[in-house]
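Peer 1:
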Ligand code: 1GP
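Residue numbers (the working numbering): 119 to 367.
#1: Taking the alpha-carbon positions, what's the residue 194 to residue 141 distance?
#2: Of all the beta strand (DSSP E) runs that stay within the bounds of the stretch 169-247, which reach a length of 3 or more residues?
#3: At a cut-off of 7 Å, would you count residue 139 as near the ligand 1GP, judging by its Cβ distance to the nearest heavy atom?
#4: By the DSSP assignment, the beta strand (DSSP E) with residue 164 in it spans what residues?
#5: Using 8 Å as the cut-off, can you tell me whether the stretch 178-190 makes contact with the stretch 212-223, which would need three or more C-beta pairs spanning the two stretches below that distance?
#6: Which value, in whole angstroms, describes the spacing of the CA atoms of residue 297 and residue 151?
#7: Please say whether residue 122 and residue 209 have beta carbons closer to each other than 8 Å?
#8: Which term fits residue 315, buried or exposed, when burial requires 16 or more other beta carbons within 10 angstroms of its beta carbon?
#9: Which of the three DSSP states is assigned to residue 317 in this structure?
#10: Given 8 Å as the limit, is there contact between the stretch 295-314 and the stretch 263-282, that is, 3 or more CB pairs closer than that?
#11: Check the C-beta distance from residue 250 over to residue 292 and give it rounded, since I have them as a contact under 8 Å.
#12: For residue 137, list the residues DSSP reports as bridge partners.
#13: I need the DSSP call for residue 143, collapsed to helix, strand or coil.
#14: Apart from the five residues on each side of it in sequence, which residues of its chain come closer than 7 Å, Cβ to Cβ, to residue 230?
#15: Just to confirm the assignment, what range does the alpha helix (DSSP H) spanning residue 308 have?
#16: Please report the distance separating the alpha-carbon of residue 68 from that of residue 283.
#17: Please report the distance separating the alpha-carbon of residue 145 from that of residue 262.
#18: Assuming residue 134 and residue 339 are in contact, meaning their beta carbons sit under 8 Å apart, how far apart are those beta carbons, in whole angstroms?
#19: Assign residue 220 to one of two classes, buried (16 or more other C-beta atoms within 10 Å of its C-beta) or exposed (fewer than that).
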């Protein structure tokens with residue numbers, strides 16, 4: 119097992135973890151480093167780098183280097199395609215968009231990127247990516263048939279299939295900027311059938327969202343928009359407070 123995955127799993131065994139998603143298209147190196155510093159000080163465990171539109175390897179590299187210099191937390195590329203690879207991150211979610219109608223997002227882009235990931239010596243962390251309604255931009259770009267919000271069995275089926283295919287993490291995604299996060303009943307249902315860590319993201323804006331998702335069984339929370347639009351004040355710090363509470367300090 120790679121170093122970053124091992125670190126994440128060790129932390130998940132102690133309580134929920136938090137990922138700060140930074141879009142290198144929206145934040146340059148200096149700004150990204152500032153967000154990362156503040157986020158890690160509040161208890162965020164890792165920085166995910168990505169967005170749903172083209173990020174050049176140069177920009178990805180600049181932002182990853184700036185974050186690496188600023189904080190000890192691992193940087194993980196959350197790729198929108200093979201174009202955003204950089205050797206300056208620690209790891210990459212090697213993910214399949216399981217409920218896409220387009221085989222490019224399920225396996226073809228991954229086939230095109232795998233040798234580059236190896237050559238760049240990025241740690242691949244395999245992840246089953248499941249988009250739940252409304253899905254937002256990733257739902258459109260990724261040609262997704264989103265899992266309906268009341269279709270708990272549908273989400274369970276994808277998540278367990280991901281585990282049976284050997285994926286190391288499962289990620290339930292409502293879409294960046296979603297009006298509300300993945301429903302708690304769905305999180306509870308999925309958690310009850312899988313053993314690999316369950317990440318949840320999209321539309322988490324307040325402490326109460328984080329609390330409800332953690333209580334339902336989310337083991338990792340991903341937030342992006344809240345820090346981009348409001349900085350690390352109210353919403354973001356409430357979310358981190360709930361994460362810290364749930365891990366006992
Ligand atoms: C990334 O969708 C998450 O996968 C982030 O969502 O921007 O709504 O926090 P937000």
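Glycine is no exception: its CB is placed at the ideal position from the N, C-alpha and C atoms. None of these values were measured; they are calculated from a predicted model.
Peer 2: Once the coordinates are examined:
#1: One Cα belongs to residue 194, the other to residue 141, and the distance between them is close to 12 Å.
#2: Counting only runs of 3 or more residues that sit fully inside the stretch 169-247, the beta strand (DSSP E) segments are 193-195, 209-215, in chain order.
#3: For residue 139, the Cβ falls inside the 7 Å cut-off from some heavy atom of the ligand 1GP.
#4: In the DSSP annotation of this structure, the continuous segment of the beta strand (DSSP E) that includes residue 164 starts and ends at 164-167.
#5: No contact exists between the stretch 178-190 and the stretch 212-223.
#6: If you take the alpha carbons of residue 297 and residue 151, they lie about 28 Å apart.
#7: Less than 8 Å divides the Cβ of residue 209 from the Cβ of residue 122.
#8: Looking at its Cβ environment, which holds 16 or more other Cβ atoms inside 10 Å, residue 315 is buried.
#9: Residue 317: strand per DSSP, three-state reduction.
#10: Contact holds: three or more Cβ-Cβ distances are below 8 Å.
#11: Between residue 292 and residue 250 the Cβ distance is about 5 Å, and since that is below 8 Å, they are a contact.
#12: Partner(s): 164, 340.
#13: Secondary structure of residue 143 (DSSP, three-state): coil.
#14: Excluding residues within five positions, the ones whose Cβ falls inside 7 Å are 200.
#15: Note, residue 308: alpha helix (DSSP H), 302-309.
#16: Residue numbering for the chain in the displayed model covers 119 to 367; residue 68 lies beyond these limits and cannot be assessed.
#17: Approximately 27 Å, taken between the alpha carbons.
#18: Right, their Cβ atoms sit about 7 Å apart.
#19: Label assigned to residue 220: exposed.
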